[in-house]
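Enquirer: Just so you know, the UniProt record's numbering puts 425 at position 425 of the sequence shown, and the rest follows in order with no gaps.
Yeah, the Cβ is synthetic: ideal placement off N, Cα and C, and Gly gets one too.
None of these values were measured; they are calculated from a predicted model.
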Amino acid sequence: MTPSYASYNDFKNQLLTAFRTNEERMNGASKTPVHQLRRSALKQFDLLGFPTIRHEEWKYSNVNGLLKEAFALDETTTLTAEDLAPLEIPNLDGNILYFVNGRYHAELSRLVSPTDQVQITSFAEALKADPDFIESHFAHYADYQENAFTALNTALATDGVVVRVPDNTTVEQPIILRFITDARDKSIASQPRNLITVGKNAEVMMAESYRTLGEQASFVNVVTEIVLGRDARMQYYKVQNETEKAYHIGTTQVNQTDNSHFYSATVTLNGNFVRNNLNIVLNGQHAEAFMYGLYMPNGRQHVDNHTLVDHAMPNSYSNELYKGILDDNSTGVFNGKIFVRPDAQKTNAYQSCKNVVLSPGASMNTKPQLEIFADDVKCSHGTTTGKLNDEALFYMRSRGIPKDEARTLLLYAFSQDVLSQIKIQPIREYLERVVTEKLGE
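1) So, using beta-carbon positions, are N276 and G324 closer together than 8 Å?
2) One question on the structure: do N201 and K245 come within less than 8 Å of each other, judged by their Cβ atoms?
3) Tell me the rounded alpha-carbon separation between D143 and L213.
4) Exposed or buried, V222, counting other C-beta atoms within 10 Å across all chains shown (16 or more means buried)?
5) What did DSSP end up calling F11 once you bin it into helix, strand or coil?
6) For R433, count neighbouring C-beta atoms within 10 Å of its own C-beta (all shown protein chains included) and say buried if the count is 16 or more, exposed if not.
7) Would you tell me roughly how many angstroms separate the C-alpha atoms of A124 and K423, rounded to the nearest one?
8) Do three or more CB pairs link the segment 286 to 301 to the segment 77 to 87 at distances below 8 Å?
9) From Y210 to Y104, what does the alpha carbon distance come to, in whole angstroms?
10) Does any residue of chain C have a CB that is nearer than 8 Å to the CB of D74?
11) Tell whether a beta-carbon distance below 8 Å holds between L439 and T408.
12) Put I280 into one of helix, strand or coil per three-state DSSP.
13) Buried or exposed: A70, going by 16 or more other Cβ atoms within 10 Å of its Cβ?
14) Do I188 and A72 have their C-beta atoms closer together than 8 Å?
15) Would you mind giving the Cβ-Cβ distance between R38 and T154, rounded to the nearest angstrom? I have them listed as a contact below 8 Å.
16) Going residue by residue through the segment 286 to 371, where are the continuous beta strand (DSSP E) segments of at least 3 residues, counting only ones entirely within it?
17) As a quick exercise: from A413, H381, C379, pick the residue whose alpha carbon is nearest that of L294.
18) Three-state secondary structure (DSSP) at residue 447?
19) Considering only DSSP beta bridges, list what R178 is partnered with.
20) Shortest alpha-carbon distance to N305 belongs to which of Y263, Y350, I89, T252?
21) Within the continuous beta strand (DSSP E) that includes R233, where are the two ends?
22) Are the beta-carbon atoms belonging to P174 and F99 less than 8 Å from one another?
23) How long is the line joining the alpha carbons of K378 and S420, rounded to whole angstroms?
24) With a cut-off of 8 Å, do at least 3 Cβ pairs link the segment 158 to 166 to the segment 40 to 59?
25) Take L66 as the anchor and find which of K128, F50, S113 has the nearest alpha-carbon.
26) Straight-line CA distance for N270 to E242?
27) State the Cα-Cα distance for the pair D132 and H35, rounded to the nearest angstrom.
28) Determine the contact status of F138 and L195, defining contact as a CB-CB distance below 8 Å.
29) Just the C-alpha distance for S316 and R399, rounded to the nearest angstrom, thanks.
30) When burial is assigned at 16 or more other CB atoms within 10 Å of the CB, is G28 buried or exposed?
31) DSSP three-state label for Q145, please.
32) Applying the criterion that 16 or more other CB atoms from any shown protein chain within 10 Å of the CB defines a buried residue, is Q216 buried or exposed?
33) Taking C-beta to C-beta, are P368 and G332 nearer than 8 Å?
34) In chain order, what residues of the same chain have a beta carbon less than 8 Å from the beta carbon of N259, not counting five sequence neighbours either side?
35) Would you kindly work out how many angstroms separate the C-alpha atoms of L411 and F334, rounded to a whole number?
Structure, rendered in structure tokens:
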């Protein structure tokens, strides 16, 4: 079912009008190269329009519900520490930045790392203070020519974070980006934009967290561009625990060079409609990428994970493991692509997706893909979808463990292959607790 013509065009025209209204306020800034790029992205969004299930990449993910909502754009709000207290992660230290409705709030945030280890600024501030740096990276990696939501973000994003890690440095404290949507009074849409550059032989640990306050609808369309220099190392975690009226579309685009290492884990706990795009280009020899994912939809939630690993140079390695636990009438999608370019000899690429479906009403759609244009490679992919292991459940019950507790223990063990990869201990412990609570519901 496609969205009605009226709702489709109402939201689209609202977004186009918002860009032109903002442009009128900019005066001379509208002539900058970055803004010219924004104009190009807006034109592409207007041309592409919102995807429908007739688009192959959106075959199993219908954005109809999103287009029926009426969102306020670029809405400012004020939150206090007391408002945020229920959303805190216990014992979490480090550089913690808060973004409310897509805008950075310095009064809620704390930066603890010295500037010789890392420079952290808001995207809005960096646009004014260092436009040449933004121009040299902005939209150079996340392609907006074929992706309407990336084009929309490129055109409308006004804030987010810019992180620069200099060569030969280790950022000792993690960087935590906390995106909060304040939907207590009205439905809110935001377009955060993040840019992270990690220099040669540098190392950083980062996490993105998404939460919603209130009972109104929310729409977060976020794009994160990550650039790793030679011998750079990065651990990157993304955690989504939003509300039943939350729509989330996130694109993370990673560009790796020689000997760089990228480790990621994406954990989706709650949200009405969630689409995660993780795209990695291994654009250097001996580059390595590790991708882990856990998704746990229930009710009528929909979670779609699209991953792409592009092996563009020889001797690169990628390993991917995604796991899903689906209950009630939820739906899941996993579409994983591996490209091996003609010059990418000696590539090793592995992909696995495993799913447990707990109820007859839940469904999982998987589509692993390999496109190999080199002959000296080792590649594999596979998916499994099935019910909980009855033999294991019977064994545990025969040892005196109640059925519900045995079920929770088995599913928790299933999730540990992903959760154990998260090296920021307070985040891992928080997720283990939330996962256990959700499994026990």
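Expert: Let me spell this out:
1) As a position in the sequence shown, residue 276 is number 276, starting the count at 1. As a position in the sequence shown, residue 324 is number 324, starting the count at 1. The Cβ atoms of N276 and G324 do not sit closer than 8 Å to each other.
2) Along the sequence shown, read from residue 1 onward, the residue named residue 201 stands at position 201. Along the sequence shown, read from residue 1 onward, the residue named residue 245 stands at position 245. No, these two residues do not count as a Cβ contact at 8 Å.
3) For this step, residue 143 is matched to residue 143 along the sequence shown. For this step, residue 213 is matched to residue 213 along the sequence shown. Looking at the two C-alpha atoms, the distance is approximately 31 Å.
4) Looking up residue 222 in the sequence shown gives position 222. Buried, since its Cβ has 16 or more Cβ neighbours within 10 Å.
5) In the sequence shown, residue 11 corresponds to position 11, counting from 1. It is helical.
6) As a position in the sequence shown, residue 433 is number 433, starting the count at 1. Residue environment for R433: exposed (fewer than 16 other C-beta atoms within 10 angstroms of its C-beta).
7) Here residue 124 refers to the residue found at position 124 when the sequence shown is read from its first residue. Here residue 423 refers to the residue found at position 423 when the sequence shown is read from its first residue. A124 and K423: Cα-Cα distance of roughly 30 Å.
8) no
9) Along the sequence shown, read from residue 1 onward, the residue named residue 210 stands at position 210. Along the sequence shown, read from residue 1 onward, the residue named residue 104 stands at position 104. Distance between the alpha carbons of Y210 and Y104: 14 Å.
10) Structure shown: chain C not included; a single protein chain is present.
11) As a working note, residue 439 is residue 439 in the sequence shown. As a working note, residue 408 is residue 408 in the sequence shown. The answer is yes: Cβ separation under 8 Å.
12) By one-based count along the sequence shown, residue 280 stands at place 280. In this structure, I280 counts as strand in the three-state DSSP scheme.
13) Numbered from 1 along the sequence shown, position 70 holds the residue referred to as residue 70. By the neighbour-count rule (16 or more Cβ atoms within 10 Å), A70 is not buried but exposed.
14) Your numbering for residue 188 matches position 188 in the sequence shown. Your numbering for residue 72 matches position 72 in the sequence shown. The answer is yes: Cβ separation under 8 Å.
15) Taking the sequence shown and counting its residues from 1, one reaches residue 38 at position 38. Taking the sequence shown and counting its residues from 1, one reaches residue 154 at position 154. Indeed, because the Cβ distance is near 6 Å, the residues count as touching under 8 Å.
16) Within the segment 286 to 371, complete beta strand (DSSP E) segments of at least 3 residues are found at 288 to 295, 302 to 311, 317 to 326, 331 to 340, 348 to 357, given in chain order.
17) Numbered from its first residue, the sequence shown carries residue 294 at position 294. Nearest in C-alpha terms to L294, of all of A413, H381, C379, is A413.
18) With the chain covering 1 to 441 only, the question about residue 447 has no answer from this structure.
19) The residue labelled residue 178 in the question sits at position 178 within the sequence shown. According to DSSP, R178 bridges with Y98, S209.
20) Taking the first residue of the sequence shown as 1, we reach residue 305 at position 305. Nearest option by C-alpha distance: T252.
21) Counting from one through the sequence shown, the residue named residue 233 turns up at place 233. 233 to 241 is the extent of the beta strand (DSSP E) around R233.
22) The count along the sequence shown starts at 1 and reaches residue 174 at position 174. The count along the sequence shown starts at 1 and reaches residue 99 at position 99. No. Outside cutoff.
23) For this step, residue 378 is matched to residue 378 along the sequence shown. For this step, residue 420 is matched to residue 420 along the sequence shown. Near 26 Å, if we compare the C-alpha coordinates of S420 and K378.
24) Output reads no: the segment 40 to 59 does not touch the segment 158 to 166.
25) As a first step, residue 66 is located in the sequence shown; it is residue number 66 there, counting from the start. Considering only alpha carbons, the answer is F50.
26) Residue numbering aside, residue 270 sits at position 270 when the sequence shown is read from its first letter. Residue numbering aside, residue 242 sits at position 242 when the sequence shown is read from its first letter. Whole-angstrom Cα-Cα distance: 5 Å.
27) Numbered from 1 along the sequence shown, position 132 holds the residue referred to as residue 132. Numbered from 1 along the sequence shown, position 35 holds the residue referred to as residue 35. In a straight line, the C-alpha of D132 is about 12 Å away from that of H35.
28) In the sequence shown, counting from the first residue as 1, residue 138 sits at position 138. In the sequence shown, counting from the first residue as 1, residue 195 sits at position 195. Yes, the Cβ-Cβ distance between F138 and L195 is below 8 Å.
29) The residue given as residue 316 occupies position 316 in the sequence shown. The residue given as residue 399 occupies position 399 in the sequence shown. Distance between the alpha carbons of S316 and R399: 46 Å.
30) By one-based count along the sequence shown, residue 28 stands at place 28. Only weak support is given to the placement of G28: the predicted model assigns it a pLDDT of 49, under 50, and the question is left unresolved by the model.
31) To locate residue 145, count along the sequence shown from 1; it is residue 145. Q145: coil per DSSP, three-state reduction.
32) What you label residue 216 is simply residue 216 of the sequence shown in a count that begins at 1. It counts as buried.
33) Walking along the sequence shown from the start, residue 368 turns up at place 368. Walking along the sequence shown from the start, residue 332 turns up at place 332. Not closer than 8 Å, so no.
34) Indexing the sequence shown from 1 puts residue 259 at position 259. The answer, listed in chain order, is R230, D231, G284, Q285, H286, A287.
35) One-based indexing of the sequence shown puts residue 411 at position 411. One-based indexing of the sequence shown puts residue 334 at position 334. For L411 and F334, the distance between alpha carbons rounds to 19 Å.
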